[in-house]
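Below: the structure, in structure tokens.
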Amino acid sequence: MRLQGKVAVVTGGGAGMGFAVARAYAREGARVVIAEINDDDGTAAVNAIRAGGGEAIFCRTDVAEAQSVAAMAAQAVAQWGTVDILYNNAAVQLVGQDARAHELSEEVWDRTYSVNIRGLWLCAKYVIPILLERGGGSIINVASPTGLVGCAPGFTAYSSSKGAVYGLTRVMAADYARDRIRVNALVPGPIATPLTKELFSDPATREGLINAVPLGRIGQPEDVVGL
0 MRLQGKVAVV TGGGAGMGFA VARAYAREGA RVVIAEINDD DGTAAVNAIR
50 AGGGEAIFCR TDVAEAQSVA AMAAQAVAQW GTVDILYNNA AVQLVGQDAR
100 AHELSEEVWD RTYSVNIRGL WLCAKYVIPI LLERGGGSII NVASPTGLVG
150 CAPGFTAYSS SKGAVYGLTR VMAADYARDR IRVNALVPGP IATPLTKELF
200 SDPATREGLI NAVPLGRIGQ PEDVVGL
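What follows is the structure, given as structure tokens:
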């Protein structure tokens, strides 16, 4: 098993892509910390991983709150002594509230950035010292094609926050390369998850996304676990 003896933190690991990745890590021998804000999802994810013979704990985590993230990192070390992998997956996409720049409320902007970029940075801030002590590790930041090109009209906050993920990833990759910490961005296409359920419920939107994907279908969370 490729991840035998490793400890992985997966934010937003209770459902969707985060859960698929967490379960795959466990199958490869990793001990997994499900850092999730939803108690039911987090508990269910841990139970499913354990039922499959894997090791996992649930740590209720609001990635937008420094105290919550610090407690999560401390719990990971208390449970398993270290962290080797941080999978920064937690995000929000406020469908029906996100909008064009002049129509966007400050509250929606702030909420989106607090999770999608502040949360990503906070998790890195509190996990990197553990990786440094460990002598290296890996950070995967989940980005989006919408952060590269203007392919999601009316999603100013979400798209620009995902654009910021690229910038932060590049800076961190350069800053920590000599410390043997790899930092990469994962850029999935449209994936069927709880985050995208409302967006994909619109037939026209769904058809447009399918037509834009070479495979001719919406991706599933399991499609990204080997990336």
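In numbering that gives the first Met the number 0, the protein residues as written are 0 to 226.
In this text, a Cβ means the ideal position worked out from N, Cα and C, and glycines have one as well.
No experiment lies behind these values; they were computed from the predicted model shown.
Could you check the C-alpha separation between residue i and residue j for me, to the nearest Å?
i	j	result
W79	G153	43 Å
V6	A43	19 Å
G134	T81	11 Å
A69	I33	14 Å
R22	W108	32 Å
G12	Q219	15 Å
C89	I56	With the sequence shown as reference, residue 89 is identified as Ala, and Cys is not the correct amino acid for it. Rounded to whole angstroms, A89 to I56 spans 17 Å at the Cα level.
S143	Y157	9 Å
R177	Y112	29 Å
R179	K161	25 Å
By alpha-carbon positions, which one of the options ends up nearest to residue i?
i	options	result
G166	A184, T155 and Q96	A184
C58	N37, P202 and A50	N37
S137	R117, I56 and D83	D83
S104	T155, A55 and G13	T155
L130	G41, A50 and V76	V76
A63	A176, Y24, Q74 and V91	V91
Please work out which residues of its chain come closer than 6 Å, Cβ to Cβ, to residue i, disregarding the five sequence neighbours upstream and downstream, and give them in chain order.
i	result
E27	M0, R1 and L2
Q74	C58
Going by beta carbon distance, what residues of the same chain come within less than 8 Å of residue i, once the five residues before and after it are set aside?
i	result
V223	M16, A19, V20, L185, P187 and I190
For the beta strand (DSSP E) containing residue i, list its first residue and its last residue.
i	result
I127	I127 -> not in any beta strand (DSSP E); alpha helix (DSSP H) instead, spanning G118 to R133.
G136	G136 to V141
Starting from residue i, trace the alpha helix (DSSP H) both ways and give me its first and last residue.
i	result
N46	D38 to A50
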